[in-house]
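Peer 1: For the record, the sequence lines run as chains A and B.
For the first sequence, the residue numbers in numbering that gives the first Met the number 0 are 0 to 194.
For the second sequence, the residue numbers in numbering that gives the first Met the number 0 are 0 to 796.
We treat Cβ as the ideally placed atom computed from N, Cα and C, and that holds for glycine.
Note that the structure is predicted; figures quoted are calculated from it, not measured.
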Amino acid sequence: MGSRSSHAALIPDVENIRRETGFSQASLLRLYHRFRALDRSKKGYLSRADLQQIGALAVNPLGDRIIDSFFPDGSQRVDFSGFVRVLAHFRPIDDDTGVRDPKQPEPLNSRTNKLRFAFQLYDLDQDGKISRHEMLQVLRLMVGVQVTEEQLESITDRTVQEADEDGDGAVSFLEFTKSLEKMDIEQKMSIRILK
Amino acid sequence: MGLKVFVPFSPWNRLLFLVALVGSEASSSLNESANSPAQHAPKSWFAASSSMPDERISVFELDYDYVQIPYEVTLWILLASLAKIGFHLYHRLPGLMPESCLLITVGALVGSIIFGTDHKSPPVMDSSIYFLYLLPPIVLESGYFMPTRPFFENIGSILWWAGLGALVNAFGIGLSLYLVCQVRAFGLGDISLLENLLFGSLISAVDPVAVLAVFEEARVNEQLYMIIFGEALLNDGISVVLYNILIAFTKMHKFEDIEPVDILAGCARFIIVGCGGVVFGIIFGFISAFITRFTQNISAIEPLIVFMFSYLSYLAAETLYLSGILAITACAVTMKKYVEENVSQTSYTTIKYFMKMLSSVSETLIFIFMGVSTIGKNHEWNWAFICFTLLFCQIWRAISVFTLFYVSNQFRTFPFSIKDQCIIFYSGVRGAGSFSLAFLLPLSLFPRKKLFVTATLVVIYFTAFVQGITIGPLVRYLDVRKTNKKESINEELHTRLMDHLKAGIEDVCGQWSHYQVRDKFRKFDHRYLRKILIRKNLPKSSIVSLYKKLEMKQAIEMVETGILSSTAFSISNQAQRIQGIKRLSPEDVESMRDILTHNLYRVRQRTPSYNKYNLKPQTSEKQAKEILIRRQNTLRESMRKGHSLPWAKPAGTKNIRYLSVPYSNLQPPERDTRAPESTDGDGSDPEFPPITFHAHSQTGLLQERRLTQELIPMRNLYRGGKAFGSGYEGNRSREEHAGRGRRAVLRPRPLFHAVDEEYESGEEAEGEASVAGSSWTAEHGHNMGHHESHSPLLQRK
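#1: Pair every Cβ in the region 439-456 of chain B with every Cβ in the region 371-387 of chain B, then say whether three or more of these pairs are closer than 8 Å.
#2: Would you call glutamate 501/B buried or exposed, if buried means 16 or more other Cβ atoms sit within 10 Å of its Cβ?
#3: Return the first residue and the last residue of the alpha helix (DSSP H) that lysine 250/B is part of.
#4: The alpha helix (DSSP H) that contains lysine 335/B, what's its start and end?
#5: Kindly say whether lysine 187/A, judged by its beta-carbon, lies nearer than 8 Å to any beta-carbon of chain B.
#6: Does the region 454-461 of chain B come within contact of the region 489-501 of chain B, defined as at least 3 CB pairs closer than 8 Å?
#7: Is there at least one Cβ from chain A nearer than 8 Å to serine 487/B's Cβ?
#8: Which of helix, strand or coil does DSSP assign to alanine 204/B?
#9: Which residues in the same chain as phenylalanine 404/B place their Cβ atom closer than 6 Å to its Cβ, once the five residues preceding and following it in sequence are excluded?
#10: Residue range of the beta strand (DSSP E) that serine 130/A falls in?
#11: Distance, Cα to Cα, aspartate 125/B vs leucine 439/B?
#12: Asparagine 598/B touches chain A at which residues, Cβ-Cβ below 7 Å?
#13: Taking all protein chains shown into account, do 16 or more other C-beta atoms lie within 10 angstroms of the C-beta of proline 441/B, making it buried, or fewer, making it exposed?
#14: Is isoleucine 227/B near serine 426/B, with beta carbons less than 8 Å apart?
#15: Rounded to whole angstroms, what's the CA-CA distance from leucine 56/A to lysine 83/B? Just pull it up for me.
#16: Let me make sure I understand the geometry here. Which of Val210/B, Lys336/B, Ser443/B and Leu444/B has the alpha-carbon closest to that of leucine 473/B?
#17: Hey, would you say isoleucine 304/B sits closer than 8 Å to threonine 294/B, going by beta carbons?
#18: Only counting the same chain, and skipping five residues up and downstream in sequence, which positions put a Cβ closer than 7 Å to that of tyrosine 313/B?
#19: Excluding the five sequence neighbours on either side, which residues of its own chain have a C-beta within less than 6 Å of the C-beta of valine 83/A, listed in chain order?
#20: Measuring straight from C-alpha to C-alpha, what distance separates valine 205/B and threonine 388/B?
#21: The beta strand (DSSP E) that contains alanine 169/A, what's its start and end?
#22: Buried or exposed: glutamine 173/A, going by 16 or more other Cβ atoms within 10 Å of its Cβ?
#23: Would you please verify whether the beta carbon of alanine 554/B is less than 8 Å from any beta carbon of chain A?
#24: Report the option in Asp524/B, Leu108/B and Glu230/B whose CA atom is closest to the CA atom of methionine 145/B.
#25: Could you check which residue in Tyr242/B, Thr318/B, Cys330/B and Met251/B has the C-alpha nearest to that of valine 277/B?
#26: Tell me the DSSP secondary structure of arginine 429/B in three-state form.
#27: Just tell me which of Arg529/B, Asp524/B, Ile365/B and Ser443/B has its CA closest to the CA of glycine 797/B.
#28: In chain A, which residues lie less than 9 Å from lysine 501/B when you measure between Cβ atoms?
#29: For the candidate residues Glu589/B, Trp75/B, Glu140/B and Gln631/B, whose alpha-carbon lies nearest to that of lysine 351/B?
#30: For glycine 62/A, which residues in chain B fall below 7 Å Cβ to Cβ?
#31: Are any of the Cβ atoms in chain A nearer than 8 Å to that of glycine 284/B?
#32: Would you report the Cα separation of glutamine 145/A and methionine 134/A, rounded to the nearest angstrom?
#33: Starting from leucine 599/B, follow its DSSP beta bridges and name the residues at the other end.
#34: How many angstroms separate the CA atom of glycine 54/A from the CA atom of proline 149/B?
#35: Roughly how many angstroms lie between the CA atoms of alanine 87/A and phenylalanine 410/B, to the nearest whole one?
#36: Against chain A, does isoleucine 626/B count as a neighbour if the rule is that its beta carbon must be under 8 Å from one of theirs?
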């Protein structure tokens, strides 16, 4: 690719990343270039402001939360491996994982991990449950201005009620997974170009 | 010759009268093909009376001939527009059948009216009018609205498919029909090979964009969309080029000896015509982009420049017998990027709308003319020819689709699936292009022109109606989505969340270019072209102020519709029914589902949706603004707090919601009672526990200070808040609050009454105010005095 030939050597720690995320060399290279393009001041890491520069995210109702998911544990910067790790969740599921070594951790793009990633978007306080309040928050973010509070409340109630099995008024991860078992998560949370 | 007024006779008037009479006599003599009997009478009366010089002057006259052509054309266009309005009123119709069906129907209707009244229709369409006036707007519009990035990313496939596909189809159909013609039994023996080939070329001009609207909601992937669009774009041009070459051939050789040299010359000409047209278009595109660089003071002529240059490129190319269609397409594509940046917002909108309007008018006229010639006496029906035409059209399209894509799939990173190919095959709907080309065949060269026209009409009607109507269900059938199952509310919500999430992550990933050529072009473009073609010193301020104005308006609307109203109500409600699990009836669930369907924000579509007959409605922009306003609230909040972003805290601490309110005059008395602790940024004051403001609503976008200080929204806020506050120890909180005495720090930033909406805590907003290092600007609102409602819910830890 001209001056950007396969400088895999440019990417720090490329082998580990590959193993952990399962990206192909070409994809990693492309992601690296994207990382570099986002990192305008060439700091070597991305800050929140860098991600907020992406205009399309600004009009995404969940834009802020998506940006936050790149910064786990309160950190303020994300390096390339962190960046790729998040994106690895959206790799299409490999069809050829026939026999997987059970001892190895599940690949980042497994169904469970994808669901866990989505779960994180709801569960801001990371307590492993989506409380009714957190659900309400998300709902509020995603809905236009015409919906009244009462309507939102009742929708939230219904949502939690449908999923909540042990009656604690919150949706745990297992309940969350169970409520979505019929859905084609793999397709919904996979991005084709991230092979 | 309009109205004549009765005037008294005087020499001057006598002169006028004579002139007028002569004039009316002339007009009445021109009036052979009188339209309706009603108009005959007055005319003949005039004719009779004009012989006598001192006849009475008529008070009232009709002169239909004078206005006939524009009058009827206007009526047709109006009729089509009314039909379109009606079509869209019933909102399910556009999803059922393509709009071209509607236009065809209207055309047929008009045709039958004209036929029924035995009216001689005005000669709207002849070769020069079509090629000079009706065709360019249609082509310009499709070139202009084409999304450039996906187009160029897929350009290999598009050229391969559109170019070769058109050729394969044309020659395939032509040859097969020729073979059919050889069969004596059908009585088609006099149609030569050339004529068959010509017919093949004109019948293979597809108009697949017409069906795009039908399966828009099936969310076809971007590649498929681009292929269809690209094919539509290039197909017209290629068909016309082929058509012209074959006509030239026919003129040259009225008998069947064509030498190989001529064939080679024809191929060479094809290539030259095509490429030459494109080159011309690009040149004109650059010129017009360059000129728009200088039009900032006279922005009213910007649309004019755009249109005139595009049209000029078409005409210039046609002068040299190059492909005008490809020229105007290339011009539009080239010009668009730079022009969009240069012209003012209003010019941009004008250009878009005007283009749509022009192309819509052209297409309407063509379809009406098609309808007129459908219902007429000049048809020739030949079962064999027509049936085989239909058959071969489908067969050859299938052949070309599956073989060409099989080949191109080998080279693509993301091959087209069989489903995609089926959709492409089935979208081969013929449209106005084929009809025009058939209609304009010179009768001298084609004695059996009527047969061709009839066959073309049959194919168009069949494909437009049958295929157009059934392609929607077909696409939905092929689509993997399980749309039949009713999703639970849970699933619906989560699905939407995931869609947004996926769109967001896709945006983070950005667009990946597959070709380094594109990157090289971009660099070149950035370094040289943009400097030449784009205006310097784009007045950003106007854009910014426009945005601010819009945002303000939006914010006001949001407040007024109640979204920014206090949630104190809800909070108190929550407090009451914290434990109640309501059993909801099915109707409730249904209504919830309805609410969700209508109000959930739409996921951002990455593929720009193109509708041939419409411009995208503004709802997505409204949605974007709402989201932006909300986000700005939270962003301002977080920025004011400095680095302690609410979401970036360690687990366990809950979020803060606090209110900051414009500084007000009621402050001083309260503040003076206590020693104001103007500790800026001293959050962890040991005396006072961390305060959590339990604030309400996602409100509070007060207008910026530099704009007006209207406190109306605040009033809305507090009204609700009052009820809430009363539940707490008013005095105590007031004391504490006043005691905190945070001075209003008059920061250069406008003071916002903003609330961070993302709090995970429940009703009791516990938690520390993590204000490490941030400056508190917790001012008291001026209503604070009597409402300490929204005042903080203080809790001692």
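Peer 2: In brief:
#1: yes
#2: Within the second sequence, the letter at position 502 stands for residue 501/B. Here residue 501/B is lysine; the residue named in the question, glutamate, does not match the sequence. With 16 or more Cβ atoms within 10 Å of its Cβ, lysine 501/B is classed as buried.
#3: What you label residue 250/B is simply residue 251 of the second sequence in a count that begins at 1. First-last of the alpha helix (DSSP H) with lysine 250/B: 221-251.
#4: As a first step, residue 335/B is located in the second sequence; it is residue number 336 there, counting from the start. First-last of the alpha helix (DSSP H) with lysine 335/B: 323-341.
#5: If you number the first sequence from 1, residue 187/A lands on position 188. Yes, lysine 187/A counts as interfacial toward chain B.
#6: no
#7: Within the second sequence, the letter at position 488 stands for residue 487/B. Serine 487/B counts as touching chain A.
#8: Within the second sequence, residue 204/B is the residue found at index 205, counting from 1. Of the three classes helix, strand and coil, the one that applies to alanine 204/B here is coil, per DSSP.
#9: The residue given as residue 404/B occupies position 405 in the second sequence. Only Phe415 and Gln420 meet the Cβ criterion.
#10: Position 131 of the first sequence holds residue 130/A. Counting along the chain, the beta strand (DSSP E) containing serine 130/A begins and ends at 128-130.
#11: The sequence position of residue 125/B within the second sequence is 126, counting from 1. The sequence position of residue 439/B within the second sequence is 440, counting from 1. Taking the straight line joining both Cα atoms gives about 7 Å.
#12: Indexing the second sequence from 1 puts residue 598/B at position 599. Result: Val142, Gly143, Gln145 and Val146.
#13: As a working note, residue 441/B is residue 442 in the second sequence. Exposed, since its Cβ has fewer than 16 Cβ neighbours within 10 Å.
#14: Here residue 227/B is taken as the residue at index 228 of the second sequence, counted from 1. Here residue 426/B is taken as the residue at index 427 of the second sequence, counted from 1. The answer is yes: Cβ separation under 8 Å.
#15: Within the first sequence, residue 56/A is the residue found at index 57, counting from 1. Within the second sequence, residue 83/B is the residue found at index 84, counting from 1. Near 36 Å, if we compare the C-alpha coordinates of lysine 83/B and leucine 56/A.
#16: What you label residue 473/B is simply residue 474 of the second sequence in a count that begins at 1. Here the closest residue by C-alpha is Val210/B.
#17: For the purposes of this step, residue 304/B is taken as residue 305 along the second sequence, with counting starting at 1. For the purposes of this step, residue 294/B is taken as residue 295 along the second sequence, with counting starting at 1. In this structure, threonine 294/B lies closer than 8 Å to isoleucine 304/B by Cβ.
#18: Sequence index remark: in the second sequence, residue 313/B carries index 314 (1-based). So the qualifying residues of the chain are Pro135, Gly323, Ala326 and Ile327.
#19: Mapped onto the first sequence, residue 83/A falls at position 84. Taken in chain order, the residues that qualify are Ile16, Thr20 and Leu30.
#20: Position 206 of the second sequence, counted from the first residue, corresponds to residue 205/B. Position 389 of the second sequence, counted from the first residue, corresponds to residue 388/B. In a straight line, the C-alpha of valine 205/B is about 14 Å away from that of threonine 388/B.
#21: The sequence position of residue 169/A within the first sequence is 170, counting from 1. 169-171 is the span of the beta strand (DSSP E), which, as asked, contains alanine 169/A.
#22: Along the first sequence, read from residue 1 onward, the residue named residue 173/A stands at position 174. Residue 173/A is actually leucine in this sequence, not glutamine. With fewer than 16 other Cβ atoms within 10 Å, it is exposed.
#23: For this step, residue 554/B is matched to residue 555 along the second sequence. No, no contact with chain A.
#24: In the second sequence, the residue the question calls residue 145/B occupies position 146. Methionine 145/B has its Cα closest to that of Glu230/B, out of Asp524/B, Leu108/B and Glu230/B.
#25: Residue 277/B sits at position 278 when you count from the first residue of the second sequence. Looking at the Cα atoms, Cys330/B is the closest of the given residues.
#26: Indexing the second sequence from 1 puts residue 429/B at position 430. Arginine 429/B: strand per DSSP, three-state reduction.
#27: Here chain B has residues from 0 to 796 only, and residue 797/B is not among them.
#28: By one-based count along the second sequence, residue 501/B stands at place 502. Simply Phe89, Lys187, Met188, Ser189 and Ile190.
#29: The residue given as residue 351/B occupies position 352 in the second sequence. For lysine 351/B, the nearest C-alpha among the options comes from Glu140/B.
#30: Within the first sequence, numbered from 1, the residue matching residue 62/A stands at position 63. Those are Gly503 and Arg630, listed as they occur along chain B.
#31: Within the second sequence, the letter at position 285 stands for residue 284/B. No, no contact with chain A.
#32: The residue labelled residue 145/A in the question sits at position 146 within the first sequence. The residue labelled residue 134/A in the question sits at position 135 within the first sequence. If you take the alpha carbons of glutamine 145/A and methionine 134/A, they lie about 18 Å apart.
#33: If you number the second sequence from 1, residue 599/B lands on position 600. Partner(s): Val142/A.
#34: Taking the first sequence and counting its residues from 1, one reaches residue 54/A at position 55. Taking the second sequence and counting its residues from 1, one reaches residue 149/B at position 150. When rounded, the distance between both Cα atoms is 19 Å.
#35: Position 88 of the first sequence, counted from the first residue, corresponds to residue 87/A. Position 411 of the second sequence, counted from the first residue, corresponds to residue 410/B. Their Cα atoms are separated by approximately 26 Å.
#36: In the second sequence, counting from the first residue as 1, residue 626/B sits at position 627. For isoleucine 626/B, the answer is yes, since a Cβ of chain A falls inside 8 Å of its Cβ.
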